[in-house]
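In this note's numbering, the protein residues as written are 207 to 378.
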DNA sequence: GCCAACGTTGGC
DNA sequence: GCCAACGTTGGC
């Protein structure tokens, strides 16, 4: 009784593995910064849709594409993994932080973040223009007109297509 | 630098 | 609850 239930649980858990794309302006925080830091808390997200994903959906072990926005060139710079699930974003409570939100109550936090660690850089980085040329990626949230979300879901098929384009192997 | 798209704010 | 004004994001 216990074993089949546990096995099914583990199977579901494995099947539930998800993929994401996180945007960062490299002038603010780049993939190279993450390599240097070895891990980082993804703070400063102040959009409710993105918050909901960070708080509720992003799980330990999920894969993350680290995207450089507002840059020349715009690229997927590397792969990351989620090392801690959603927890309250401390910058919201710090009056000195540019992400300070005086309306966020520490006993009922508004804003959340996750911890990520680098897996590998993409060498060379995968340019946005290249992504746009791939039919399998036509529906990527990133490439939709007007798409501004800084935390986006990536389908398993899109994840595989991106890794194939980059010549990267899934390594965890 | 421009501006489309989108989210938020606040008057009513 | 509507919606106009405003601010921000981020590709181009």
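Idealized CB from N, CA, C, for every residue including glycine.
Rounded C-alpha distance that separates residue i from residue j
i           : j           : result
residue 284 : residue 238 : 9 Å
residue 226 : residue 352 : 18 Å
residue 276 : residue 300 : 26 Å
residue 308 : residue 346 : 35 Å
residue 335 : residue 257 : 28 Å
residue 305 : residue 333 : 29 Å
residue 320 : residue 291 : 5 Å
residue 296 : residue 318 : 8 Å
residue 269 : residue 312 : 29 Å
residue 360 : residue 303 : 30 Å
residue 294 : residue 343 : 33 Å
residue 314 : residue 250 : 17 Å
Cβ-based burial, residue i [other Cβ within 10 Å; buried from 16]
i           : result
residue 358 : buried
residue 324 : buried
residue 368 : buried
residue 254 : exposed
residue 375 : exposed
residue 298 : buried
residue 266 : exposed
Residue i, enclosing alpha helix (DSSP H) - first and last residue
i           : result
residue 248 : Premise fails: residue 248 is in no alpha helix (DSSP H) and is neither H nor E.
residue 365 : 362-372
residue 305 : Neither: residue 305 is in no alpha helix (DSSP H) and is coded neither H nor E.
residue 254 : 254-258
Closest by C-alpha distance to residue i, when choosing among the options
i           : options            : result
residue 222 : 243, 264, 249      : 264
residue 372 : 233, 353, 329, 225 : 329
residue 340 : 308, 322, 302, 363 : 363
residue 316 : 374, 242, 333, 262 : 262
residue 278 : 313, 259, 272, 233 : 233
residue 241 : 327, 355, 366, 344 : 327
residue 248 : 342, 370, 286, 365 : 286
residue 244 : 355, 354, 331, 289 : 289
residue 273 : 370, 366, 356      : 356
residue 260 : 224, 281, 350, 282 : 224
residue 338 : 281, 271, 354      : 281
residue 252 : 236, 229, 271      : 229
Cβ-heavy atom distance, residue i to the ligand FMN, below 7 Å
i           : result
residue 262 : This structure does not include the ligand FMN; it has no bound ligands of any sort.
Start-to-end residues for the beta strand (DSSP E) that takes in residue i
i           : result
residue 290 : 281-294
residue 343 : Run containing residue 343: none; DSSP gives neither H nor E here.
residue 323 : 318-333
residue 264 : That residue, residue 264, is in no beta strand (DSSP E); it is neither H nor E in DSSP.
residue 229 : 225-230
residue 272 : 269-274
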